[in-house]
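Asks: Here the working numbering is used: position 204 in the sequence shown is 204, and no number is missing along the way. Glycine is no exception: its CB is placed at the ideal position from the N, C-alpha and C atoms.
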Amino acid sequence: MMTLPVLFDPIGHPDSPMRILSGIQPSGRLHIGNYFGMMEPSIRLQDEGDAFYFIADYHALTSTHDPKALRGNVRDLAIDFLACGLDPDKATFWRQSDVVEVTELAWILSCVTPMGLLERCVSYKDKIAQGISPSHGLFAYPVLQAADIVIFDANVVPVGRDQKQHLEVTRDIAQKFNDRYGEGLLVIPEPRIREETAVVPGLDGRKMSKSYDNAIDLFEETEKKLRSKIMKIVTDSTPVEAPKDPTDNYIVQLYRLFATPDEVGEMEASFRAGGQGYGHYKQQLFERIRDYFAPMRERREALVKDPGYVDDVLSSGATRARAEARKVIDRVRAAVGM
Ligand code: ADP
Ligand code: TRP
Numbered sequence: 001m002m003t004l005p006v007l008f009d010p011i012g013h014p015d016s017p018m019r020i021l022s023g024i025q026p027s028g029r030l031h032i033g034n035y036f037g038m039m040e041p042s043i044r045l046q047d048e049g050d051a052f053y054f055i056a057d058y059h060a061l062t063s064t065h066d067p068k069a070l071r072g073n074v075r076d077l078a079i080d081f082l083a084c085g086l087d088p089d090k091a092t093f094w095r096q097s098d099v100v101e102v103t104e105l106a107w108i109l110s111c112v113t114p115m116g117l118l119e120r121c122v123s124y125k126d127k128i129a130q131g132i133s134p135s136h137g138l139f140a141y142p143v144l145q146a147a148d149i150v151i152f153d154a155n156v157v158p159v160g161r162d163q164k165q166h167l168e169v170t171r172d173i174a175q176k177f178n179d180r181y182g183e184g185l186l187v188i189p190e191p192r193i194r195e196e197t198a199v200v201p202g203l204d205g206r207k208m209s210k211s212y213d214n215a216i217d218l219f220e221e222t223e224k225k226l227r228s229k230i231m232k233i234v235t236d237s238t239p240v241e242a243p244k245d246p247t248d249n250y251i252v253q254l255y256r257l258f259a260t261p262d263e264v265g266e267m268e269a270s271f272r273a274g275g276q277g278y279g280h281y282k283q284q285l286f287e288r289i290r291d292y293f294a295p296m297r298e299r300r301e302a303l304v305k306d307p308g309y310v311d312d313v314l315s316s317g318a319t320r321a322r323a324e325a326r327k328v329i330d331r332v333r334a335a336v337g338m
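#1: To the nearest angstrom, how far is the alpha carbon of aspartate 47 from that of glutamate 241?
#2: If you measure between the beta carbons of isoleucine 43 and cysteine 84, is that distance less than 8 Å?
#3: Go through the region 96 to 149 residue by residue and report every complete run of the beta strand (DSSP E) that reaches 3 residues or more, in order.
#4: To which residues of the same chain is alanine 147 closer than 7 Å at the C-beta, ignoring the five residues directly before and after it?
#5: Is valine 199 closer than 8 Å to lysine 210 when the C-beta atoms are compared?
#6: Can you tell me whether threonine 222 is buried or exposed? The criterion is at least 16 other CB atoms within 10 Å of its CB, across all chains shown.
#7: Less than 7 Å between C-beta atoms, sequence neighbours within five positions excluded: which residues of the same chain meet that for leucine 117?
#8: Check whether the Cβ atoms of glycine 274 and valine 234 sit closer than 8 Å, and answer yes or no.
#9: Label valine 328 either buried or exposed according to how many other C-beta atoms from any shown protein chain fall within 10 Å of its C-beta, with 16 as the threshold for buried.
#10: At a cut-off of 7 Å, is leucine 285 close to the ligand TRP when judged by its beta-carbon and the heavy atoms of the ligand?
#11: Is any heavy atom in the ligand TRP found nearer than 7 Å to the beta carbon of serine 315?
#12: Name the residue from Pro307, Arg333 and Glu324 whose alpha carbon lies nearest to the alpha carbon of isoleucine 79.
#13: Quick one: Cα of tyrosine 255 to Cα of methionine 38, how far?
#14: Closer than 7 Å to a non-hydrogen atom of the ligand GTP - does that hold for the CB of serine 22?
#15: For alanine 335, count the other beta carbons within 10 Å of its own beta carbon; 16 or more makes it buried, fewer makes it exposed. Which is it?
#16: Within 10 Å of its beta-carbon, does tyrosine 212 have 16 or more other beta-carbons around it, so buried, or fewer, so exposed?
#17: By the 10 Å Cβ neighbour count, where 16 or more other Cβ atoms means buried, how is arginine 92 classified, buried or exposed?
#18: Quick check on this structure: which residue in Lys176, Val99, Val122 and Glu119 has the alpha carbon closest to the alpha carbon of isoleucine 151?
#19: Determine, using beta-carbon pairs with one atom in the region 50 to 64 and one in the region 15 to 24, whether at least three such pairs fall under 8 Å.
#20: Just how far apart, CA to CA, sit leucine 167 and alanine 140?
#21: Strictly by DSSP, which residues pair up with histidine 31?
#22: Taking DSSP as the reference, what is the three-state secondary structure of glycine 317?
#23: Would DSSP call proline 201 helix, strand or coil?
#24: Give me the residue from Ser16, Lys305 and Asn34 with the minimum Cα distance to arginine 161.
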């Protein structure tokens, strides 16, 4: 194989920190599935490596066609992520469309992506089934996602389980590129999916999703609304006094996200003992969720009042991210013959 000029630091150098990257679409309000699947692990990982997180507004164009809504959703997501603990001093945080190089890379990657790979993607079919119009953008969505990841030489991508296939596609595309143009040119990333939070159940027990109308928002407008949502969690009709099986219960599954193992054990024991109705446990869960998000809600209120700060974070994040992306795009352009 022809040796390529070394335009980049050797990948996987033991001294280079782990590069962590994830993105989330600004497509409406965030729910606790998004939080535990993607945001909380990302926030936790910002202390463990070189973290890069972005708001996937190019991706959102596949489903959000109102410019005002898109702009508003980007701002809300930025505020929510910062409120939840994303620290711009530790992590680079930007709006995807501020790094235009990613669309160039998406095109170049398109030319190594076999059609069959995209045809196998279930999210395209799922989204059409949910009523999103089938566009080329929706079909090519995973290629843009691959570009998002490899343009930053990312090693680790924290996401919920529903993104696993997209990560496999990313790995396949990156490998195809390397096979054609040179081993080691693109980093092959690993998904980071935490077993305990891989799929957070919604009120009806299906995966929590904004498309299923079964979500508990991170920031419900009022406590009353939060409580009434939690009271809607689907349960069976076991009478109050009877023992209950905690095994597949959605209240217990959600409680587990917020409580210590001992506390979960206590709830499970109380289920088995009987004597309490499901409403009692729902109330416990409600209080937990309310208290868990209270400090974030407070920070969020402060951020809403400081739009200049949020703009500054995104704009300095974009500058940093763009400089990193340029390194890879230059490497890729040279490799393909441009
Ligand atoms: P939605 O299904 O509500 O449209 P998205 O597809 O926008 O959510 O997901 C954004 C991020 O949140 C992804 O990383 C995804 O894996 C994660 N996520 C979404 N729903 C859940 C869930 N119920 N459990 C765990 N992670 C989730
Ligand atoms: N497809 C992801 C979602 O729906 C969002 C996303 C876009 C993403 N690009 C990414 C996630 C790169 C991780 C890495 O949630």
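Replies: In this structure, then:
#1: 47 Å
#2: yes
#3: none
#4: Val102, Leu105, Ala106 and Leu109
#5: no
#6: exposed
#7: Val169 and Asp172
#8: No, they are not a contact pair.
#9: It counts as buried.
#10: no
#11: No, the beta carbon of serine 315 sits no closer than 7 Å to any heavy atom of the ligand TRP.
#12: Pro307
#13: 18 Å
#14: By its list of ligands, the structure shown excludes the ligand GTP, since it contains just the ligand ADP and the ligand TRP.
#15: buried
#16: exposed
#17: For the sequence presented, residue 92 should be read as threonine rather than arginine. Threonine 92 should be labelled buried.
#18: Isoleucine 151 has its Cα closest to that of Val99, out of Lys176, Val99, Val122 and Glu119.
#19: A contact exists between the region 50 to 64 and the region 15 to 24.
#20: Taking the CA atoms as reference points, leucine 167 sits about 14 Å from alanine 140.
#21: Asp217
#22: Glycine 317: helix per DSSP, three-state reduction.
#23: strand
#24: Asn34
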